[in-house]
Amino acid sequence: MSKLSKPIVKKVTDYIVVGAGSAGCVLSNRLTEAGHSVSLVEAGKKDVGRWDSWTVQMPAALTYSVADQRYNWDFHTVPQKGLNNRRVHQPRGKVFGGSSSINAMVYVRGHALDLERWEKEENAKGWGYADCLPYFKRAQGFTGLDPNGSTEKSPYRGYDGPLKVTNYENAGSRTNILFDVLEKAGGEAGYPITKDTNGFMQEGFGPFDMTIDSKSGQRCSAAAAYLHPAINNPAAKLDIHSTTLMRKVVFDKEDSGKKPRAIGVECEDLSTGEIFELHAEKEVILSLGAVGSPQALMLSGIGDTEKLQKKGIADIVHHNPQVGANLQDHLEVYLQYLCTQPVSLYPVAAWTVRHFHERVAAGVEWFIRGTGICASNQFETGAFIRTDAGVEHPDIQYHFIPGCVVGQLDFLPHHGFQIHVGTLRPTSRGSIELDSNDPKQAPLIDPNFLGTEKDMEDMRKAVRLADEVIQQPAFAAYKGDRLAPEPQIDVATNDDAIDDWIRNSSHSAYHLSCTCAIGRVVDENGSVDGVDSLRVVDASIMPSMTSGNLNAPTIMLAEKLSDNILGKSLPAEHEPWYVAKDWQTKQR
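Counting from 1 along the sequence shown, just add 20 to a position and that's the residue number in this note's numbering.
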């Protein structure tokens, strides 16, 4: 195609959804379910079956999917000053289901007060907890009844939704004794025990929910929950363009008296190199995530005018320096310990000749029956606690795994366990900026990790509190030497050594968000400021991060905004939430 010729318009539908990730799959399902025609654009491949894409489908293979470039954009940050100039890996899903197809499958809604903050402090009208709870429930298909032990269904849970959610403690099928040990140790350290971190009481030690289909033992990604049912519905008017990159949004700017109106997208077929357009009668919806959506807006001429022009974007549609700003992410560090009892994942997780047969046997059991150790993400328990008295709701999250990860792909060839320590409400803010006007070029990702002294102080406290839990009597029969941080470091007193270890060893929790935030780039309906017929629906529109993993709230907001697009809404549900009575004076 010459530079002067205009790309052909291949298809006209009611809506265009760009990105088949957690939000895009929901939108494609709900809009076609309502009778609308949808073009879905996805740069990645299809997620196929158990045999063809087992690294996506097998819960225990999550470390492979995070590193598998077939399904992953494999981004890295710019050098992080707060992490001794290290570049940090930022995997993003490039496959049907997006990052829900490569994540750790931990289902966490966040705390009710996160959503109350959105509405009351961050200009997100209609996004309070009572407004959002019905959409969490509509999405969820929970296995079991009430995790708290009632024989009745929980008012916080959804039981008929497409997203399969299971809790192995609730189902009586926990895969490792160390999960029970951690909960007991948390109680011994003085923390509450909670059986439902997604219900009334997030705070405490307890089992984690997982987006795993308990019947098949497979990951339940947004593609499995929403996209495949739409694909398999003969009545759904869904046109999918996979391995197709969106280059920019196409606008109609002929009427100078009106805002530019999004009428379509320019795309490139990555298999053939063909460039073409798709047009929408109603709206274009970007669901490319916290990296892709601001990049797409900037490539389309929406962003900081001066910065865009410096990168060769000549056609400026709307000046808004907030596009790509306000980037937030969770940072984690792994405390690792040897285990003195032969109960960890080592025999089936580490690549060793001695235990090769055990590894193979575990895989065969999953392939044939969908059961066993491979049917778990191995994050079956954890905790939400507070750093200090005066903190109203949890600002620390612990994930626990009965093994020690080395790098991204392998496990320590010894029995061990580790606790992932992360703070939930960092004060540092980063950015997404263009590196080039080439849509195939990754943008500049700068989370600005540990950019404030408070963030460093909170991480240090989180590490100390975690090590204190591991020193409790419950772990006495299992805890060997500490591997990380190094045993010579006095965790209780040596601030400088802990800080240096955190700066050198920490990782992203892969929870990028807030780069097209409500009140900054979009309104409470996801509509982009300064233009018409263009929305953003994904984690980038969150005003601030929720307290925990982001897949569940991302799916919730897509459910909520799909109703908004269709001109309807579910009635609010007013359920209480837990805050410790003595939170102002006690840390636990």
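Glycine included, every Cβ here is placed at the ideal spot set by N, Cα and C.
Cutoff 7 Å; reference residue i; Cβ partners in own chain excluding five residues on either side
i    : result
L183 : A159, Q160, G161, T231, C240, A245 and I575
Y418 : G402, A403, I439, H440, V441 and A486
V373 : Confidence at V373 is low in this model, with a pLDDT of 45, below 50, so its placement is unreliable and the value that follows should be read with caution. Closer than 7 Å at Cβ, skipping near neighbours: no residue.
K601 : none
Y179 : G161, F162 and K173
W386 : M78, G237, G392, C394 and A395
Residue range of the alpha helix (DSSP H) that includes residue i
i    : result
D478 : E473 to I490
P573 : N571 to I585
F199 : I197 to E208
K330 : T325 to K330
A345 : First-last for A345: A345 to L347, but that is the beta strand (DSSP E), not the alpha helix (DSSP H).
L318 : Checking the sequence, you will find Met at residue 318 rather than Leu. G309 to L319 is the span of the alpha helix (DSSP H), which, as asked, contains M318.
S525 : D515 to S525
P154 : Y149 to A159
L82  : L82 to A87
K140 : A132 to E141
Exposure of residue i, with buried meaning 16 or more beta-carbon neighbours within 10 Å
i    : result
Q361 : exposed
Q348 : buried
G55  : exposed
A334 : exposed
V86  : buried
V68  : exposed
T447 : exposed
E141 : exposed
K26  : exposed
R406 : buried
Q315 : buried
P459 : buried
Element boundaries [beta strand (DSSP E), containing residue i]
i    : result
S59  : S57 to V61
V353 : L351 to C359
I36  : V29 to V38
P249 : Per DSSP, P249 belongs to no beta strand (DSSP E); it is in the alpha helix (DSSP H), H248 to I251.
I305 : I295 to L306
R281 : R281 to D289
F225 : G224 to P227
K184 : L183 to V185
I509 : Looking at the DSSP string, I509 is not in any beta strand (DSSP E), and its letter there is neither H nor E.
DSSP state of residue i mapped onto helix, strand, coil
i    : result
V556 : strand
K173 : coil
E400 : coil
Q461 : coil
Q77  : helix
P99  : coil
I333 : coil
S22  : Since pLDDT at S22 reaches only 49, below the 50 mark, its modelled position is unreliable, and the value read off the structure follows with that caveat. It is coil, neither helix nor strand.
F437 : strand
L258 : strand
L265 : strand
L47  : helix
V373 : Its pLDDT being 45, under 50, V373 is placed unreliably by the model, and the measurement read from it follows with that caveat. Correct three-state label for V373: coil.
F420 : strand
V551 : coil
A20  : This structure cannot settle anything about residue 20, because the visible part of the chain is limited to 21 through 608.
Y127 : strand
Proximal residues to residue i (C-beta, below 6 Å), its chain only, five neighbours per side dropped
i    : result
F199 : E400 and T401
L444 : D415, Q417 and S567
S42  : G118, S120, A242, N571, T574 and I575
G130 : T566, S567, G568 and P573
R502 : Y357
K204 : A494
With a threshold of 8 Å, are at least 3 pairs of Cβ atoms found where one atom belongs to the stretch 281 to 300 and the other to the stretch 35 to 45? yes
With a threshold of 8 Å, are at least 3 pairs of Cβ atoms found where one atom belongs to the stretch 124 to 142 and the other to the stretch 220 to 239? yes
Using 8 Å as the Cβ pair cut-off and three pairs as the minimum, do the stretch 302 to 318 and the stretch 541 to 556 touch? yes
For the pair the stretch 285 to 296 and the stretch 258 to 273, tell me if three or more CB-CB distances fall below 8 Å. yes
How do the stretch 320 to 327 and the stretch 338 to 358 stand: do at least 3 beta-carbon pairs fall below 8 Å, yes or no? yes
Would the stretch 377 to 389 and the stretch 105 to 113 be scored as touching if the rule is three or more Cβ pairs under 8 Å? no
Between the stretch 216 to 231 and the stretch 500 to 515, are three or more C-beta pairs nearer than 8 Å? no
Spell out a yes or no on whether the stretch 45 to 55 and the stretch 246 to 253 are touching, meaning 3 or more CB-CB pairs, one atom from each, closer than 8 Å. yes
Below 8 Å, can you find three or more Cβ-Cβ pairs linking the stretch 588 to 606 to the stretch 469 to 477? no
I'd like to know if the stretch 141 to 156 and the stretch 251 to 263 are in contact, where contact means that at least 3 CB-CB pairs between them fall below 8 Å. no
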